[in-house]
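To start, the structure under review is shown below, and the notes come after it.
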DNA sequence: ATACTTGTATTAAGTTAATAATACAAGGAG
DNA sequence: CTCCTTGTATTATTAACTTAATACAAGTAT
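Chains as they are written, first to last, in this note's numbering: chain D, 2 to 123; chain Z, 2 to 123.
Shown next as structure tokens:
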């Protein structure tokens, strides 16, 4: 899964979000070393400053730790990781229900749509 | 349901999206008259120019028709309305599944989360 | 010790979006 | 006809974000 940058909002926030998703999905496992700022920036096609900002936020969240010259690693704190993971999932679900409600659908209808959804249907 | 403006992306796009949601939800029914640009702008707390841009897009979509001096009305074309409504719902569902997949969940898990979700759980 | 890697900070410039303040166009109401 | 409402267009200014180009700080390896 590559980087997905759109013009919807500050790029550093999108990067921050996608970094969390990668950690949640196990792309960067607990305790593992992250690529360097410059590598990540090149990979995502953004300025190092922008990636840095995203990483600084990740650190503020307590999700990664910075070892001055040895790069960054994902936290060893499983509880913090689990909490983030739950929060992201909860946000997805809540966003879905809110969105459907805005379109005039009931909670029940929203559930049914998901149940009957065929993958790869476009 | 009030206006929900965030710093995530161009405001006029957010307004455009939310206007579609309102039409879908029946806040502005088929053939009904919309508030004036200036009213909508005041209501949403944005500049009239910004609201105008959102409405111009709505018209380009064929969802509203403009009567030069008599304001704007929602289209009478039920087919166009239904198509938009379906598209918005499809986008919601697709976005949900994509998001959960990014977090490392399977399709099946995503379905189960929705089924067991309790409303008002925060 | 010296060079290299890595994170961090700074400053300037360029781009885009939003706002503000008007002005114009066109139809309806009195 | 004249005024009012409504949509539309223009121009300038402001603010935010991103990029660019460096420079610095602090460990590690040779």
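Glycine included, C-beta positions come from ideal geometry on N, C-alpha and C.
By the three-class DSSP mapping on this structure, what secondary structure does residue i have?
| i | result |
| --- | --- |
| residue 50 of chain Z | helix |
| residue 31 of chain Z | coil |
| residue 94 of chain D | helix |
| residue 13 of chain D | helix |
| residue 25 of chain Z | helix |
| residue 2 of chain D | coil |
| residue 114 of chain D | helix |
| residue 120 of chain D | coil |
| residue 77 of chain Z | coil |
| residue 100 of chain D | helix |
Quickly, what does DSSP pair residue i with across the bridge? List them, please.
| i | result |
| --- | --- |
| residue 68 of chain Z | Z:72 |
Does the separation of the CB atoms of residue i and residue j fall below 7 Å?
| i | j | result |
| --- | --- | --- |
| residue 1 of chain Z | residue 114 of chain D | Not covered by the structure: residue 1 of chain Z. The range shown for chain Z is 2 to 123. |
| residue 65 of chain Z | residue 81 of chain Z | no |
| residue 61 of chain Z | residue 52 of chain Z | no |
| residue 17 of chain Z | residue 58 of chain Z | yes |
| residue 26 of chain D | residue 105 of chain Z | yes |
| residue 45 of chain Z | residue 4 of chain Z | yes |
| residue 15 of chain D | residue 24 of chain D | no |
| residue 100 of chain D | residue 10 of chain Z | no |
| residue 49 of chain D | residue 38 of chain D | yes |
Of the residues the options, which one's Cα is nearest the Cα of residue i?
| i | options | result |
| --- | --- | --- |
| residue 40 of chain D | D:8, D:6, D:73, D:77 | D:73 |
| residue 118 of chain D | Z:31, Z:83, Z:90, Z:118 | Z:90 |
| residue 22 of chain Z | Z:2, Z:32, Z:8, Z:33 | Z:2 |
| residue 77 of chain Z | Z:88, Z:20, Z:34, Z:102 | Z:34 |
| residue 55 of chain Z | Z:20, Z:112, Z:92 | Z:20 |
| residue 67 of chain D | D:120, D:84, D:32 | D:32 |
| residue 47 of chain D | D:116, D:71, D:8, D:70 | D:8 |
| residue 103 of chain Z | D:102, D:36, D:86 | D:86 |
| residue 70 of chain D | D:36, D:88, D:110 | D:36 |
| residue 120 of chain D | Z:111, Z:84, Z:83 | Z:111 |
| Residues in the stretch 51 to 85 of chain Z with C-beta within 8 Å of chain D's C-beta atoms, listed in sequence order? | Per Cβ criterion, the list is empty.
Identify each residue in the stretch 83 to 103 of chain Z for which the Cβ-Cβ distance to at least one residue of chain D is less than 9 Å, and report them in chain order. The stretch 83 to 103 of chain Z vs chain D, Cβ under 9 Å: 86, 89, 90, 91, 92, 93, 94, 95, 96, 97, 98, 100, 101, 102, 103.
With 8 Å as the C-beta to C-beta threshold (strictly closer), list the residues of the stretch 27 to 51 of chain Z near chain D in chain order.
The residues in question are 27.
- Query: For the stretch 3 to 24 of chain D, which residues have a CB atom closer than 7 Å to at least one CB atom of chain Z, in sequence order?
  - Reply: So the list reads 8, 9, 10, 22, given in the order they occur along the chain.
- Message: By the 7 Å beta-carbon criterion, what residues does the stretch 107 to 121 of chain Z contribute toward chain D?
- Response: Here the close residues are 108, 112, 114, 115, 116, 118, 120.
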